[in-house]
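Here our numbering runs 25 ahead of the position in the sequence shown, where the first position is 1.
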Amino acid sequence: MEYRFFYPINEDLYRTRWRERSGLEKRADIYFILPEMTDKSDSIHIEYGLKLRKGKKLELKKRVRRFSNGQEYWIKTIHTLRSIHLDDMNSIIKVLKKSNETQLIERLMSVKPMIVCNVSKFRNQSPTEHGLIQELTGLHLKFIRSDNQMQIGHDLFYETVCIEQIGSNLIHEKIIEKLIEQHRHIPIEPMGYPEFLFRQYQQIIN
26 MEYRFFYPIN
36 EDLYRTRWRE
46 RSGLEKRADI
56 YFILPEMTDK
66 SDSIHIEYGL
76 KLRKGKKLEL
86 KKRVRRFSNG
96 QEYWIKTIHT
106 LRSIHLDDMN
116 SIIKVLKKSN
126 ETQLIERLMS
136 VKPMIVCNVS
146 KFRNQSPTEH
156 GLIQELTGLH
166 LKFIRSDNQM
176 QIGHDLFYET
186 VCIEQIGSNL
196 IHEKIIEKLI
206 EQHRHIPIEP
216 MGYPEFLFRQ
226 YQQIIN
C-alpha cells in the first residue's frame with residue numbers, strides 16, 4: 026500500500042538538492058506512456074505501470090485498488106531477469122504474452138510512434154513509525170518518441186513523496202494527515218507514476 030504525490034521544482038533546486046549530493050540511490054527508468062481509450066472505457070493507461078527498470082529490465086506493476094483518501098495498492102506482476110532493449114519490441118511483447126497481457130499488448134501497439142518517458146531518479150528512503158518507509162525522490166523527466174529518439178517538449182523537474190507499507194492493509198489515516206501537514210505549503214493530489222506521467226505528457230501535447 027502506498028500514498029504518493031508529486032510537485033514541481035526548478036532545475037537549480039534539482040541540481041543542488043539531488044544531482045550534486047552523494048550517498049543517494051540513483052536510477053534511470055524508461056516508462057511506456059500508454060494511450061487512453063477514446064471512449065474512456067477503461068483506465069489501463071493509469072492503472073498499468075510498464076517500464077524498463079534501469080533501462081533494461083522489464084517490469085509491470087498493476088494498480089489493484091485506489092481508495093477514497095488517495096492510497097493505492099499496487100502489485101508487481103512482471104520482472105524480467107534478462108535485459109531487454111527498448112528497440113526490441115518483439116522480446117517485450119513475448120514477455121507480455123507469457124503473462125497473458127493481451128489487452129496491454131493491444132494498447133501498447135495501438136499508437137505510433139510509441140512514447141516513452143526517461144525518468145532519472147535520485148531517491149532517499151528512511152524507515153518511519155509503525156514500520157513504514159518514507160521516500161523522497163528527485164525526478165528529471167524527458168518525453169521521447171521511440172521511433173527517432175526526438176524529445177517532446179522540454180525537461181521537467183519534480184519531487185515525489187511516498188509513504189509505503191508492505192501488504193494490502195491501509196496506512197493509518199493519522200499518518201497520512203501528518204504527512205499532508207508537513208507539506209501544507211503545496212497542493213497535494215495523490216497518484217501513482219503512470220497517472221502522473223500520463224498527465225504530464227497530456228499537458229505537453231495539449
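Glycine residues also receive a C-beta, built at the ideal position from the N, C-alpha and C atoms.
Identify the continuous beta strand (DSSP E) that holds S151 and give its terminal residues.
Per DSSP, S151 belongs to the beta strand (DSSP E) from I140 to P152.
Is DSSP giving D180 helix, strand or coil here?
Annotated three-state conformation of D180 is strand, per DSSP.
Take Q150 as the anchor and find which of V186, Y28 and I211 has the nearest alpha-carbon.
V186
I'd like the ranges of any alpha helix (DSSP H) spanning at least 4 consecutive residues and lying wholly in the stretch 29–71.
36–39
Taking only runs that begin and end inside the stretch 78–147, name each unbroken beta strand (DSSP E) of 3 or more residues, in chain order.
82–91 and 97–104
Is the separation between the beta-carbon of I55 and that of K76 shorter than 8 Å?
yes
D159 bridges to which residues according to DSSP?
The sequence given here has Gln at residue 159, not Asp. Paired residues: S151 and I188.
Cβ separation of R29 and I69, assumed to be a contact under 8 Å, to the nearest whole Å
The Cβ separation is near 19 Å, so there is no contact.
Under 8 Å by Cβ, that's how I've got S145 and A53 pegged, so tell me the actual separation to the nearest angstrom.
5 Å
Find the nearest neighbour of M216 within the set S93, I158 and L85, judged by alpha-carbon distance.
The shortest Cα separation from M216 among S93, I158 and L85 belongs to S93.
Here's the rule I'm using: 16 or more other beta-carbon atoms within 10 Å means buried, otherwise exposed. How should I58 be labelled?
buried
Alpha helix (DSSP H) containing P219: first to last residue?
Y218 to I230
Under the rule that 16 or more other beta-carbon atoms within 10 Å means buried, what is I196, buried or exposed?
With 16 or more Cβ atoms within 10 Å of its Cβ, I196 is classed as buried.
Does the distance from the CB of P60 to the CB of S135 come in under 8 Å?
Yes.
Suppose contacts are defined by Cβ-Cβ distances below 8 Å. Is L181 in contact with Q227 by that definition?
Contact: no.
On the DSSP bridge assignment, give the partners of L164 in chain order.
DSSP, once it has assigned bridges, lists K146 and Y183 as partnering L164.
Do Q96 and E27 have their C-beta atoms closer together than 8 Å?
yes
Assign H165 to buried or exposed, taking buried as 16 or more other Cβ atoms, counted over all protein chains shown, within 10 Å of its Cβ.
buried
Could you check whether T127 and R148 sit closer than 8 Å to each other, using their CB atoms as the reference points?
no
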